[in-house]
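Below is one structure; the comments refer to it alone.
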Amino acid sequence: MTEVRYSVPAISCDHCVNAITGEVRQVPGVAEVAVDVTAKVVTVRGEDLYDPALRAAIDQAGYDIQD
0 MTEVRYSVPA
10 ISCDHCVNAI
20 TGEVRQVPGV
30 AEVAVDVTAK
40 VVTVRGEDLY
50 DPALRAAIDQ
60 AGYDIQD
């Protein structure tokens, strides 16, 4: 299983968690999504994860990734 992490500075509440989780779970290959409000990090685990699709899902939820 592969794990990727994204820094998302705008994460601040449960709404953020639900929005991001809902979008990222729809990406093929995603097995788990964890959103840490305190660290402002999204961790995704799964098989054959496609970075552009994960980034697009977080963007679709309304959040920007800090590179």
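Sequence positions in the sequence shown follow numbering that gives the first Met the number 0 and run 0 to 66. Just so you know, even glycine gets a beta-carbon here, dropped at the ideal spot from N, CA and C.
Item	Value
C15, buried or exposed, once every other Cβ within 10 Å from all chains shown has been counted against 16	buried
A56 (DSSP reduced to helix, strand or coil)	helix
Separation of T20 from V43, as counted between CA atoms	9 Å
Under 8 Å between C-beta atoms of I57 and V23	yes
Rounded C-alpha distance that separates E2 from D66	17 Å
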